[in-house]
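What follows is one structure encoded as structure tokens, with my remarks underneath.
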Amino acid sequence: MQVKSRHHLRSDAVADIEETLSAALGIDLAGDSYERVEFADSERDLVLVDGDPTVCYFDDEPFVTVRGANDFPPESHVVTVDTGAISFVSDGADVMRPGITEADPDIQSGDLVTIAEENHRKVLAIGRALADGSEMVGESGKVVESLHHVGDDLYEFSI
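When the letters of the sequence shown are read in order and numbered with this note's numbering, they come out as residues 988 to 1146.
Structural data, given as structure tokens:
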């Protein structure tokens, strides 16, 4: 990923990110330094919190990256998958109902979600819900569109 620009965020932008993530995920980012990184070859911008790629903008909405979700485990908007789904989700596949063991009932279709594996609760991917959380566990159908996953360019990015 080629960096187009990199700049420190103003305090109002930092407050917006912190408030959005606190309300959506129940996490408390308490960083000293926030830098927004824009890429020449991607529509997504990244926010480095104390130098770590912690937040990404998905359709102009701030949300944690996979690394950010593992550093600051979310309390809500979590979809949990079984061990059989780990390799697929880690490779960027969308999440299907049969692989889901649990989903936060507060999830609404269209929400950004974290996708975690059931044994260690490690986040494998970030996605967009295609169904409400109460309808995610079931027999068939795609319920989460994968947007960012372990091993993709965003995950591998470092300054």
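Don't be surprised by glycine CBs; every beta carbon is placed ideally from N, CA and C.
Going by the beta-carbon positions, is the gap between residue i and residue j smaller than 7 Å?
i, j, result
"K991", "F1026", "yes"
"R1084", "S1127", "yes"
"D1037", "S1020", "yes"
Just tell me which of the options has its CA closest to the CA of residue i.
i, options, result
"Y1142", "V1131, V1082, S1074 and N1057", "N1057"
"S1145", "G1071, A1072, E1022 and V1110", "E1022"
"N1106", "A1010, L996, S998 and G1071", "G1071"
"P1092", "V1076, G1079, S998 and V1124", "V1124"
Less than 7 Å between CB atoms is the rule here; does residue i satisfy it with respect to chain C?
i, result
"E1143", "Here chain C cannot be found, since the structure has a single protein chain."
Based on DSSP bridge pairs, tell me the residues matched to residue i.
i, result
"G1114", "V1100 and S1133"
"A1090", "V1066"
"F1026", "V990"
What is the C-beta distance between residue i and residue j, in whole angstroms, given that I count them as a contact (C-beta under 8 Å)?
i, j, result
"S1096", "A1118", "6 Å"
"V1034", "I1014", "About 14 Å separates the two Cβ atoms, so there is no contact after all."
"P1147", "T1007", "The requested residue 1147 does not occur in the structure, where the chain is confined to residues 988 to 1146."
"V1042", "T1052", "7 Å"
"P1040", "R1031", "That belief does not hold up - the Cβ atoms of P1040 and R1031 are roughly 11 Å apart, past 8 Å."
| request: Can you check the segment 1035-1078 for any alpha helix (DSSP H) of at least 4 residues that lies completely inside it and give the ranges in chain order? | output: 1053-1058 and 1073-1077
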